[in-house]
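In our numbering, the protein residues as written are 668 to 907.
Put into structure tokens, the structure is as follows:
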């Protein structure tokens, strides 16, 4: 697979995430609308810019991630991968209603959709033309909404946790662990962060999320990669 196709596929997932399916969120971590910008690197090569946002419309909340290729990658493709997750409050819990992963370009192409029926406890999925269903036994997260669970981990000082996770047309197990407290430099400013690591059943890709505890929904940095591949690194870009 070419580097451009690999990056588009990974970036479209969002968190490579990042990196979305919201069930119960601790009452101590209120939802807050935001918009955050990132620079993405594949190894040392700048690959894309990205915008991550969460906003409320009526009773619904919407996660949205849009990625625009830059540098060499922009010469290879005009696709702009995006992912969207919509969730609402049901029986006191925030739960995902649907998600979409698509390419935004000259010819928009929908790559993946999933609709969650919490009454029937079932998710209906369509990924690259292949349909499927899966039971919803527990709250489910994905590459966007996992940041809400990370906020819960930080708020409750959970050192490790296992969650049900939506990944490429399946609901699998995902393990999260608080790895360390450290500091990183963002635009010449040093920021204290807590690092949470994530692994996903059936995938060799691992993730590290660097959070400022003061803004727990917004990762300051994300690193994702496989053991034999160059990592993809997201750097938060402060608003000016």
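Note that CB positions come from ideal geometry on N, CA and C, so glycine has one too.
Evaluate residue 699 with the Cβ neighbour count: other Cβ atoms within 10 Å of its Cβ, from every protein chain shown; 16 or more gives buried, anything less gives exposed.
That one is exposed.
With the cut-off set at 7 angstroms, would you say residue 909 and residue 851 are in Cβ contact?
Any property of residue 909 remains undetermined from this structure, which presents the chain solely from 668 to 907.
Are the segment 749 to 761 and the segment 839 to 849 touching, with three or more C-beta to C-beta distances below 8 angstroms?
no
Which residue marks the beginning of the beta strand (DSSP E) containing residue 720, and which one marks its end?
712 to 724
In or out: residue 678 buried (at least 16 other Cβ within 10 Å) or exposed?
Low local confidence applies: a pLDDT of 46 at residue 678 is under 50, so the model's placement there is unreliable, and no value is given.
Express the C-alpha separation of residue 906 and residue 738 in angstroms, rounding to a whole number.
22 angstroms
Would you check if the distance between the CB atom of residue 757 and the CB atom of residue 785 is smaller than 7 angstroms?
Closer than 7 angstroms, so yes.
Report yes if the CB atom of residue 703 is closer than 7 angstroms to the CB atom of residue 885, and no otherwise.
yes
Beta-carbon separation (whole angstroms), residue 767 vs residue 780, contact threshold 8 angstroms
5 angstroms
What does the alpha-carbon distance come out to for the pair residue 761 and residue 697?
11 angstroms
Which whole-angstrom value is the C-beta distance of residue 834 and residue 866, which I expect to be below 8 angstroms?
Contact check for residue 834 and residue 866: beta-carbon distance about 11 angstroms, past the 8 angstroms limit, so the pair fails to qualify.
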